[in-house]
Amino acid sequence: MLRLPEHAYLEMIGLALDGYPLEVCGLLAGVGERVDVFYPCRNAAQSAKVYEIDGRDFLRADRDAEAQGYELLGVMHSHTHTDAYPSPTDIDQPPDPSWHYVIVSLREAEPVLRSYRIVGHGRKEEEPVVVERRPAGTLRG
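Start counting the sequence shown at 0; every next residue gets the next number (numbering that gives the first Met the number 0).
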């Protein structure tokens, strides 16, 4: 299961919409199954079909996460014209089998966010995503 605070969920959806028609990407950091920080990253591929996390953005996110006591938990990217389902390219390039792979699809009128684990030999398993709504009167958390 992947637990997303509402602010991270909204940041991912907003990034996907703002970046259209190109794919966008970012990194997730936190502890265990809970994301605490979303790091928007540049798509070094500058493509509507593939993404590549910019190396400097990866390093910045990794250092910041470590300084806050978090670890990188996964990656997010958007699909501009296809479902929120891992493509063959996504399956062939996962950097870490323990990571969460979040895909935001813009194919439908409303964005769709789904998360997967991609493990050995291209096996993919969808996992539940829980968006943790913030209590009334708070800005984050």
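Just so it is clear, CB atoms sit at the ideal spot from N, CA and C, and this is done for glycine as well.
All figures in this text were calculated on a predicted structure; none of them were measured in a lab.
In the DSSP assignment, residue 78 forms a beta bridge with 104. At least 9 angstroms separates the beta-carbon of residue 52 from that of residue 85. For residue 66, there is no enclosing beta strand (DSSP E); the residue is found in the alpha helix (DSSP H) stretching over 54-66. Residue 29 and residue 98 have their C-alpha atoms some 12 angstroms from each other. The beta carbon of residue 88 lies closer than 7 angstroms to those of 49 in the same chain, with the five residues before and after it left out. Per DSSP, residue 29 is one residue of the beta strand (DSSP E) stretching across 24-30.
Looking at the DSSP output, residue 123 bridges to 117.
Each of 92, 130 and 40 was checked against the Cα of residue 123, and the nearest Cα belongs to 92. If you ignore the 5 residues before and after residue 75, its C-beta comes within less than 6 angstroms of the C-beta of 11, 25 and 101, all in its own chain and listed in chain order.
Put simply, of 73, 56, 82 and 5 the residue whose alpha carbon is nearest the alpha carbon of residue 107 is 82.
As a beta-bridge residue in DSSP terms, residue 70 pairs with 29. Between residue 77 and residue 3, the CB-CB gap reaches or exceeds 9 angstroms. In the structure shown, residue 9 adopts helical secondary structure according to DSSP, grouped into three states.
Closest in C-alpha terms to residue 18, from the list 56, 33, 132 and 47, comes 47.
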